[in-house]
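Enquirer:
There are 2 protein chains.
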Amino acid sequence: MAFTKKALPKKSDNISQWYNQLVLEAGLADYGPAKGTMIFRPYGFGIWENVQKAMDVEIKAKGVENAYFPMFIPESLLRKEKEHVAGFSPELAVVTIGGGEELEEKLIVRPTSETIMYDAYSKWVHSWRDLPVLINQWNNVVRWEKRTYLFLRTTEFLWQEGHTAHATHAEAYEMVLWAINMYENIYKEFFGMAGYVGIKSKAEKFAGALTTLTFESLMPDGKALQSCTSHDLGQNFSVPFEIKFQDKNGKTEHVWQTSWGLSTRSIGGLIMAHGDDNGLILPPRLAPIQAVIVPVDTQGTVVEYANKIADVLKGAGVRVRVDARDYETFGFRINDWELKGVPIRVEAGGREAAAQTATLVRRDNGVKEVVSLAKLAAKVQTTLDDMQHGLYSQNKAFLESNTSEAETYAEFKNIMEARKGFIRAFWCEKEDCEKKIKEETKASTRCLPLDAKEESGNCVYCGSPAKHKWLFAQAY
Amino acid sequence: MAFTKKALPKKSDNISQWYNQLVLEAGLADYGPAKGTMIFRPYGFGIWENVQKAMDVEIKAKGVENAYFPMFIPESLLRKEKEHVAGFSPELAVVTIGGGEELEEKLIVRPTSETIMYDAYSKWVHSWRDLPVLINQWNNVVRWEKRTYLFLRTTEFLWQEGHTAHATHAEAYEMVLWAINMYENIYKEFFGMAGYVGIKSKAEKFAGALTTLTFESLMPDGKALQSCTSHDLGQNFSVPFEIKFQDKNGKTEHVWQTSWGLSTRSIGGLIMAHGDDNGLILPPRLAPIQAVIVPVDTQGTVVEYANKIADVLKGAGVRVRVDARDYETFGFRINDWELKGVPIRVEAGGREAAAQTATLVRRDNGVKEVVSLAKLAAKVQTTLDDMQHGLYSQNKAFLESNTSEAETYAEFKNIMEARKGFIRAFWCEKEDCEKKIKEETKASTRCLPLDAKEESGNCVYCGSPAKHKWLFAQAY
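So the sequences go chain by chain: E and A. Each residue of the first sequence is one higher than the one before, counting from 1 in our numbering. Each residue of the second sequence is one higher than the one before, counting from 477 in our numbering.
1. Does the beta-carbon of residue 759 of chain A, which I'm using as the reference point, lie nearer than 6 Å to any heavy atom of the ligand NAD?
2. Would DSSP call residue 941 of chain A helix, strand or coil?
3. So if I threshold CB-CB distances at 9 Å, which residues from the stretch 76 to 98 of chain E count as touching chain A?
4. Within 10 angstroms of its Cβ, does residue 283 of chain E collect 16 or more other Cβ (buried), or is it exposed?
5. Looking at the structure shown, is residue 704 of chain A part of a helix, part of a strand, or coil, going by DSSP?
6. Which word fits residue 393 of chain E, buried or exposed, when buried means at least 16 other C-beta atoms lie within 10 angstroms of its C-beta?
7. Give the single residue among E:365, E:231 and E:455 whose Cα lies nearest to the Cα of residue 114 of chain E.
8. Any residues in the stretch 791 to 823 of chain A with a beta carbon nearer than 7 Å to a beta carbon of chain E? Which ones, in chain order?
9. Strictly below 7 Å CB to CB, what residues from chain A border residue 522 of chain E?
10. Give the DSSP-derived three-state secondary structure of residue 281 of chain E in the structure shown.
11. Along the chain, where does the beta strand (DSSP E) containing residue 574 of chain A start, and where does it finish?
12. In chain order, what residues of the same chain have a beta carbon less than 6 Å from the beta carbon of residue 768 of chain A, not counting five sequence neighbours either side?
13. Determine contact between the stretch 551 to 568 of chain A and the stretch 708 to 726 of chain A, defined as no fewer than three beta-carbon pairs at a distance below 8 Å.
14. Residue 366 of chain E: buried (16+ other C-beta within 10 angstroms of its C-beta) or exposed?
15. DSSP state of residue 145 of chain E, grouped into three classes?
16. Mind checking residue 602 of chain A: buried by the 16 CB within 10 Å criterion, or exposed?
17. Secondary structure at residue 636 of chain A, three-state DSSP: helix, strand or coil?
18. What is the rounded straight-line gap between the Cα of residue 226 of chain E and the Cα of residue 353 of chain E?
19. By the DSSP assignment, the beta strand (DSSP E) with residue 202 of chain E in it spans what residues?
20. What separation, rounded to the nearest whole angstrom, lies between the Cα atoms of residue 845 of chain A and residue 899 of chain A?
21. Between residue 252 of chain E and the rest of its own chain, which residues show a CB-CB distance below 8 Å, the 5 nearest in sequence each way excluded?
22. Under a Cβ-count criterion, where at least 16 other Cβ atoms within 10 Å of its own Cβ denotes burial, should residue 196 of chain E be classed as buried or exposed?
23. Does the stretch 664 to 684 of chain A touch the stretch 562 to 575 of chain A, meaning 3 or more C-beta pairs lie closer than 8 Å?
24. Kindly list, in the order they appear in chain A, the residues whose Cβ is closer than 7 Å to that of residue 144 of chain E.
25. Span of the alpha helix (DSSP H) holding residue 410 of chain E?
26. Step through the CB atoms of chain E and report whether any lies within less than 7 Å of the CB of residue 900 of chain A.
27. What separation, rounded to the nearest whole angstrom, lies between the Cα atoms of residue 936 of chain A and residue 876 of chain A?
28. Check whether the Cβ atoms of residue 269 of chain E and residue 217 of chain E lie closer than 7 Å to each other.
29. Would you mind sorting residue 136 of chain E into buried or exposed? The rule is 16 or more other CB atoms within 10 Å of its CB.
30. Check whether the stretch 536 to 550 of chain A and the stretch 579 to 597 of chain A are in contact - that is, three or more C-beta pairs closer than 8 Å.
31. Thinking residue 133 of chain E and residue 164 of chain E are a contact (beta carbons under 8 Å), I'd like their distance in whole angstroms, please.
32. For residue 128 of chain E, which residues in the same chain have their Cβ closer than 8 Å to its Cβ, ignoring the five residues on either side in sequence?
33. I'd like to know whether the C-beta of residue 181 of chain E is nearer than 7 Å to at least one C-beta of chain A.
34. Do residue 481 of chain E and residue 412 of chain E have their C-beta atoms closer together than 7 Å?
35. Please check the pair residue 150 of chain E and residue 14 of chain E, which I expect to be a contact at CB under 8 Å, by giving their CB distance rounded to whole angstroms.
36. Suppose the cutoff is 6 Å on Cβ atoms and the five residues either side in sequence are ignored; what does the same chain contact list for residue 520 of chain A look like?
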């Protein structure tokens, strides 16, 4: 088969075409047959498995245990918390037939599990001794979406959802903060992505929450991505669901609750954040394959040498693949792994086999280096670390250089037209201004950063007094 | 709180009451609000996590990769393979409303994923170079069941389903055998359970398969449990789904397929197989907690000493919990962990703290032994190994001593009335005899063991010539 470089649209020209074609061609995902659904192919799912592995350790270290709740929620349960059901109603998938018969009560396929879990919590919690309840689930949820994008917005997606119940609000809020900090750290250390942590406005918060904390990252097209959330639910669910406990003094109280989740949408963010015109660039800690060995020849001693290199790297704990496909050219194979974003490519031919060396090529900057086999494992490990940190630094610099201040609404509009990104601006916290800004500029409030100081200024839209600068951006 | 031993029904008196109450009281599971659904509580889900960990390694070592396919299957896809849809039709849950609107095409919640996966395979497979396709999923599936039992039969359950496509039937059949052998080994090494591997009769095989291999274990009440299956699908799906490939000679062929699955039902079998009148007995390799440290006093130096013991055991890689609940008596705490089936209990009070010793109690045989702290980790590890192997030996002995031979139908009926268990008997392989035996004795054909030799005899029911002794049993 003659080598032809696949015509991937340039990321710099049209990121949305680049994204779609890359996701399909790199074998990350495919469209499912039902509207808005997607198939996570092994290469894309492998990234999610690495996210799970990293996060599950943190979740368990906090004392939160995994469990599994049914995905079918009787309609009556969902209706118990009014704001919650109103928020999710337009997005529900409903089972009306089971075992060949029309059901007496419709079953909702969970869009999130607050209601079904808290119904159970109300049976399990009686006294302070039963608290805290610290439970997490890794599962699938369904939200019927009109417009879908692979990974970023699909009818069914995968996520973890943590749900805790506590004796005091202070203890619950500590958990809400812990979760968002844990996510920020996972994004930093594994996704190589920076972002802003803050509080959502009333209009943008989770249906049923007192407060929603969010982690907002920035995509190359200047749009923000809400990358995960952590909710202070207060007693909004424990009152209707009657999750009550006797405290140490024998008094009956309602529990204080939290929920927090990170989904497979995060992989969409990852793809956008780090790719380039040649394809994907995967941060080493999430890459299903960290180093691919591409022998120049696809038989004989060169392949043996490639396998030897692979063994050396495997022995050092590197996730390795050897690509000796004899029906593809060397050029095709190289481009294929570039497209797939494998962090390090190791090339070797007959000369390298004789000299016991190999050429190491970094995916992020294309730098090539000839390394002796004896030093290869150490070199690969430091290079993987370098890349991991380099991707984060780059992403953080991008975030910072694309965060602007706007004093006036004219400035605000100019930035949103010209370069987008995050804008820091005073807002009076009235919903009406927020709504109009969104209508006129497509930018919504993303969050009030947790570290924002109280200042005094004037709302960028209406001019009335304002205490805080909020972050605005157009969003996915 | 005064200590009262919970009134668990005796396993020996009424295994089904014992089972239900134990599952609830040990915190393994609870009933979900929708009919036939269950909640996997952390303690029960922890067992499943250990099964996943063990099996995922084996699956990946075979080169099978994890992926995720949508759970909604358009009705038209399910209808493509006629025997398959007929087999599952009575059990389907159907989504008819999405995003507030009646759907144009109904969506089936997957009862298994053959059809949705093979629709994708037909797009991915073009030539022999794309083969084999080796994909596994860990997911949730739904089969509407009239009668449900926690773990053993629930509307929604969790499992893994492996689905492979090959260029030749021989290669596919090797995979079918690999899977059932892998399962048998996982049952032996992790569940501590023995069973029979064999071929299902035509009436009992999977809807759409050429051949179904099964692993059948035996429950203490003498009933068999189909514990997992591995299917040779032949070309039964590749023809209607048009999964075609060009072979090395340029000829177009249909692929040969397999599917194989093990579900959370296996945990139901585990509970039944190993419990006793005092509760659960967990095989150490699947136990979420392998050793519980129960200090006699619940404060002061004794608790410090308990934590010290825990650190020593954690350091040796043992999964440990310290139970110093100050609102429960020592007796209550001991019984609670006995009920929960934790393999080893380590008791210590002031005297033990002073002497740097502890009392080690085995859950399986109740044997107590005083061990010095210096030798505790090694002793715990060998005891866990002993228990793991001991449970298997016991289960294997039970299986063998409850497998009978029946020459005549009178004998067959007597055994099924008196002691049940497996019966080895000649069967002519006519469906009519199989059906009548089931109607008259409640015993169905479980399998033709893979190692069964061809013999010559007469059908235990009709007397006509028969070549093989099949295994019969009443089943869950």
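For every residue, glycine included, the Cβ atom is placed at its ideal position computed from N, Cα and C.
Expert: Considering the structure as presented:
1. Absent from the structure shown: the ligand NAD. Ligands present: none.
2. Position 465 of the second sequence holds residue 941 of chain A. DSSP places residue 941 of chain A in strand when its eight states are reduced to three.
3. 76, 77, 89, 90, 91, 92, 93, 94, 95, 96, 97 and 98
4. Against the first sequence, residue 283 of chain E aligns to sequence position 283. Burial call: buried.
5. One-based indexing of the second sequence puts residue 704 of chain A at position 228. Residue state, collapsed to three classes: strand.
6. Counting from one through the first sequence, the residue named residue 393 of chain E turns up at place 393. It counts as exposed.
7. Taking the first sequence and counting its residues from 1, the one referred to as residue 114 of chain E is at position 114. Cα-wise, what sits closest to residue 114 of chain E is E:231.
8. 803
9. Residue 522 of chain E falls outside the range modelled here, since chain E spans only 1 to 476, and no answer is possible.
10. For the purposes of this step, residue 281 of chain E is taken as residue 281 along the first sequence, with counting starting at 1. Of the three classes helix, strand and coil, the one that applies to residue 281 of chain E here is coil, per DSSP.
11. Taking the second sequence and counting its residues from 1, the one referred to as residue 574 of chain A is at position 98. Where residue 574 of chain A is concerned, the enclosing beta strand (DSSP E) stretches over 569 to 574.
12. For the purposes of this step, residue 768 of chain A is taken as residue 292 along the second sequence, with counting starting at 1. Same-chain partners within the cutoff: 797, 799, 813, 818 and 821.
13. yes
14. Residue numbering aside, residue 366 of chain E sits at position 366 when the first sequence is read from its first letter. Exposed.
15. For the purposes of this step, residue 145 of chain E is taken as residue 145 along the first sequence, with counting starting at 1. Coil at residue 145 of chain E, not helix or strand.
16. Taking the second sequence and counting its residues from 1, one reaches residue 602 of chain A at position 126. Exposed is the call here.
17. If you number the second sequence from 1, residue 636 of chain A lands on position 160. Strand.
18. For the purposes of this step, residue 226 of chain E is taken as residue 226 along the first sequence, with counting starting at 1. For the purposes of this step, residue 353 of chain E is taken as residue 353 along the first sequence, with counting starting at 1. Looking at the two C-alpha atoms, the distance is approximately 48 Å.
19. Working through the first sequence from its first residue, we reach residue 202 of chain E at position 202. No beta strand (DSSP E) holds residue 202 of chain E; DSSP gives it neither H nor E.
20. Against the second sequence, residue 845 of chain A aligns to sequence position 369. Against the second sequence, residue 899 of chain A aligns to sequence position 423. Rounded to whole angstroms, residue 845 of chain A to residue 899 of chain A spans 42 Å at the Cα level.
21. As a first step, residue 252 of chain E is located in the first sequence; it is residue number 252 there, counting from the start. Closer than 8 Å at the Cβ level, and outside the excluded window around residue 252 of chain E, lie 244, 245 and 246.
22. On the first sequence, residue 196 of chain E is found 196 positions in, with the first residue counted as 1. Buried, by the Cβ-count rule.
23. yes
24. By 1-based counting over the first sequence, the position of residue 144 of chain E is 144. 574 and 575, listed in chain order.
25. Taking the first sequence and counting its residues from 1, one reaches residue 410 of chain E at position 410. Looking at the DSSP string, the run of the alpha helix (DSSP H) that includes residue 410 of chain E is 409 to 418.
26. As a working mapping, residue 900 of chain A is identified with position 424 in the second sequence. Not one chain E Cβ lies under 7 Å of residue 900 of chain A.
27. In the second sequence, counting from the first residue as 1, residue 936 of chain A sits at position 460. In the second sequence, counting from the first residue as 1, residue 876 of chain A sits at position 400. Their backbone Cα atoms lie some 21 Å apart in a straight line.
28. Counting from 1 along the first sequence, the entry for residue 269 of chain E is found at position 269. Counting from 1 along the first sequence, the entry for residue 217 of chain E is found at position 217. Yes.
29. Against the first sequence, residue 136 of chain E aligns to sequence position 136. So residue 136 of chain E counts as buried.
30. yes
31. The residue you call residue 133 of chain E lines up with position 133 of the first sequence. The residue you call residue 164 of chain E lines up with position 164 of the first sequence. Sure, about 6 Å apart at Cβ, within 8 Å.
32. Taking the first sequence and counting its residues from 1, the one referred to as residue 128 of chain E is at position 128. So the list reads 167, 245, 246, 247 and 248, once near-sequence residues are dropped.
33. What you label residue 181 of chain E is simply residue 181 of the first sequence in a count that begins at 1. So, not an interface residue.
34. Given that chain E is displayed from residue 1 to residue 476, the structure contains no residue 481 of chain E and the question cannot be resolved.
35. For the purposes of this step, residue 150 of chain E is identified with residue 150 of the first sequence, where counting begins at 1. For the purposes of this step, residue 14 of chain E is identified with residue 14 of the first sequence, where counting begins at 1. At roughly 16 Å, the Cβ-Cβ gap does not stay under 8 Å, so residue 150 of chain E and residue 14 of chain E are not in contact.
36. Numbered from 1 along the second sequence, position 44 holds the residue referred to as residue 520 of chain A. 504 and 505.
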